[in-house]
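Input: a single structure, listed below in structure tokens.
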Amino acid sequence: MLFKTLPSAIVLLALLLLPVTAVQATTQHEPVLPVSVASNFSAKQIHLGEKLFNDPRLSKNGDMPCVSCHQVAFNGAESIPASIENDQQAGHLNAPSVFNAALNFAQSWDGRNASLQQQADGSLQNPKHAAMQWADILYILSQDEEYPGLFKQAFADGIRRENVLNAIAVYEQSLITPDAPFDLWLKGKQNAISAQAKKGYQLFKQHGCIACHQGRNLGGNMFQRFGIYKREEYFANRETPINADDYGRFNVTGKEQDRYVFKVPSLRNVAVTAPYLHDGSISTLQDAVQVMMRHQLGKELSQQDINLIIEFLKTLTGNYQGKPLSQP
Numbered sequence: 425m426l427f428k429t430l431p432s433a434i435v436l437l438a439l440l441l442l443p444v445t446a447v448q449a450t451t452q453h454e455p456v457l458p459v460s461v462a463s464n465f466s467a468k469q470i471h472l473g474e475k476l477f478n479d480p481r482l483s484k485n486g487d488m489p490c491v492s493c494h495q496v497a498f499n500g501a502e503s504i505p506a507s508i509e510n511d512q513q514a515g516h517l518n519a520p521s522v523f524n525a526a527l528n529f530a531q532s533w534d535g536r537n538a539s540l541q542q543q544a545d546g547s548l549q550n551p552k553h554a555a556m557q558w559a560d561i562l563y564i565l566s567q568d569e570e571y572p573g574l575f576k577q578a579f580a581d582g583i584r585r586e587n588v589l590n591a592i593a594v595y596e597q598s599l600i601t602p603d604a605p606f607d608l609w610l611k612g613k614q615n616a617i618s619a620q621a622k623k624g625y626q627l628f629k630q631h632g633c634i635a636c637h638q639g640r641n642l643g644g645n646m647f648q649r650f651g652i653y654k655r656e657e658y659f660a661n662r663e664t665p666i667n668a669d670d671y672g673r674f675n676v677t678g679k680e681q682d683r684y685v686f687k688v689p690s691l692r693n694v695a696v697t698a699p700y701l702h703d704g705s706i707s708t709l710q711d712a713v714q715v716m717m718r719h720q721l722g723k724e725l726s727q728q729d730i731n732l733i734i735e736f737l738k739t740l741t742g743n744y745q746g747k748p749l750s751q752p
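Per this note's numbering, residue 425 is the first one in the sequence shown, and the count goes up by one each step.
This is the structure in structure tokens:
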């Protein structure tokens, strides 16, 4: 920001005097920003939120805590194509990773929740998910041996609906995965990613993927129609018939122009969070790149270009609790 207020000659001199890595960092001007972990969260609220996130009692049948769909052990996502609902039947949507969800402009595939608090509230009361009533939730928590004390430590006014939702949200806000190799490259460390990954990133931009997958979360900041090209072909080739969940944002707004429109997913940690797409129908990055190129961009890429883009996507895998995420 300071450079914008200085005469161009002074800017040039300042850049020449900077270390090489600093020059690289200030001249990249990429449409993607690195992530970092915020340090202003309350440790007591995070601890409480994690406990609530993993508590199966906050579901009607006692077997569907938040973590059942957003599994930290599976890098915040789930390993099956579609979430199991409380009747033990598979639904139609694949739960997106909770890692970095705080960076999204809205939550859920159809964007019906504007905040993490709203998303948690909706899931707790959704008859297909936890199917709970708030009176029952607050009673369970108040009768527990630990929760009253934990809530008092985290919130001055103790056990309240707002505090339950805020604690879960704060925990989720702490689930950021920084220091991906690509982030290090963005910060100026040129050898953080391979030459092949750099070529893949250029192809990623050249072919138009960056139009939807940009910003700090490489997605999660806009809505887009699924299947701009050959949508009928995609659903015709899918094993399961089209269903209401495939209509995306239409289910929220009722507007025809929102049919098949979804929140663009983040690509962070995409190499370790298969399966892919809203319906979990794609199990490999190879197929995911092909499907998106064909149905979103109307392109058929060579195997070489697909491989290079995959090398780039692999550099988006960050760290959790100081360790790089890996394939579950």
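From the three backbone atoms N, C-alpha and C, an ideal C-beta is built for every residue, glycine too.
Please read all numbers here as calculations on a predicted model, not as lab measurements.
Spatial distance of L737 from T697 (CA atoms): Rounded to the nearest angstrom, the two C-alpha atoms are 12 Å apart.
Where do the N-terminal and C-terminal ends of the beta strand (DSSP E) with F686 fall, by residue? For F686, the enclosing beta strand (DSSP E) starts and ends at V685 to K687.
Point to revise | Burial state of Y563, where buried means 16 or more other Cβ atoms lie within 10 Å | key: Looking at its Cβ environment, which holds fewer than 16 other Cβ atoms inside 10 Å, Y563 is exposed.
What residues are listed by DSSP as bridge partners for E748?
According to the sequence provided, residue 748 is Pro. The question's Glu does not apply to it. Its beta-bridge partners are N743.
### Message
Less than 8 Å between the C-beta atoms of S521 and N499, yes or no?
### Response
Taking 8 Å as the cut-off, the Cβ atoms of S521 and N499 count as close.
Am I right that V688 and F647 are in contact with their C-beta atoms under 8 Å? What's the rounded C-beta distance? Between the beta-carbon of V688 and that of F647 there is about 7 Å, and that keeps the pair under the 8 Å contact cut.
Quiz item: Buried or exposed: G746, going by 16 or more other Cβ atoms within 10 Å of its Cβ?
Solution: So G746 ends up on the exposed side.
Under 6 Å Cβ to Cβ from Y658, same chain only, skipping five residues before and after it: list those, please. Closer than 6 Å at the Cβ level, and outside the excluded window around Y658, lie G651 and H719.
- Query: According to DSSP, is N499 helix, strand or coil?
  - Reply: Looking at N499 - three-state DSSP - the assignment turns out to be coil, as it is neither helix nor strand.
- Query: Should Y653 go down as buried or exposed, given a rule of 16 or more other Cβ atoms within 10 Å for buried?
  - Reply: With fewer than 16 other Cβ atoms inside 10 Å of its own Cβ, Y653 counts as exposed.
Notebook entry, point to check: Using the beta-carbon count (16 or more within 10 Å), is D670 buried or exposed?
Noted result: That one is buried.
Chain-order list of residues whose beta-carbon lies under 7 Å from that of N537 (same chain, five-residue window excluded) = Closer than 7 Å at Cβ, skipping near neighbours: A530, Q531, Q543 and G546.
Beta-carbon spacing of D703, N510 below 8 Å
No, these two residues do not count as a Cβ contact at 8 Å.
Q. If you draw a straight line from the alpha carbon of P551 to that of N485, how long is it in whole angstroms?
A. Their Cα atoms are separated by approximately 11 Å.
Starting from the C-beta of K723, find all residues in its chain whose C-beta is less than 7 Å away, skip the five residues before and the five after it, and write them out in chain order. Around K723: H631 and M717.
Coil, strand or helix - G672 by DSSP: DSSP places G672 in strand when its eight states are reduced to three.
Pairwise C-alpha distance: N731 and Q597 | Spanning the two alpha carbons is a distance of roughly 33 Å.
According to DSSP, A514 sits in a beta bridge with which residue or residues?
In DSSP, A514 forms a bridge with I508.
Rounded to whole angstroms, how far is the Cβ of A695 from the Cβ of L627, which I believe are closer than 8 Å? So it is not a contact: roughly 16 Å between Cβ atoms.
* Asked: By the 10 Å Cβ neighbour count, where 16 or more other Cβ atoms means buried, how is D729 classified, buried or exposed?
  -> Within 10 angstroms of the beta-carbon of D729 lie 16 or more other beta-carbons, which makes it buried.
Please report how far the alpha carbon of V713 lies from the alpha carbon of Y700, in whole angstroms.
C-alpha separation (whole angstroms): 10 Å.
Margin query: Check this for me: beta carbons of I592 and V459, under 8 Å apart or not?
Written below: Contact flag unset, no.
Do A578 and K475 count as a contact pair if the criterion is CB distance below 8 Å?
Going by C-beta atoms, K475 is not nearer than 8 Å to A578.
(request) Identify whether K738 lies in helix, strand or coil by the three-state DSSP scheme. (result) Helix.
Determine the DSSP secondary structure at L732, reduced to helix, strand or coil. In this structure, L732 counts as helix in the three-state DSSP scheme.
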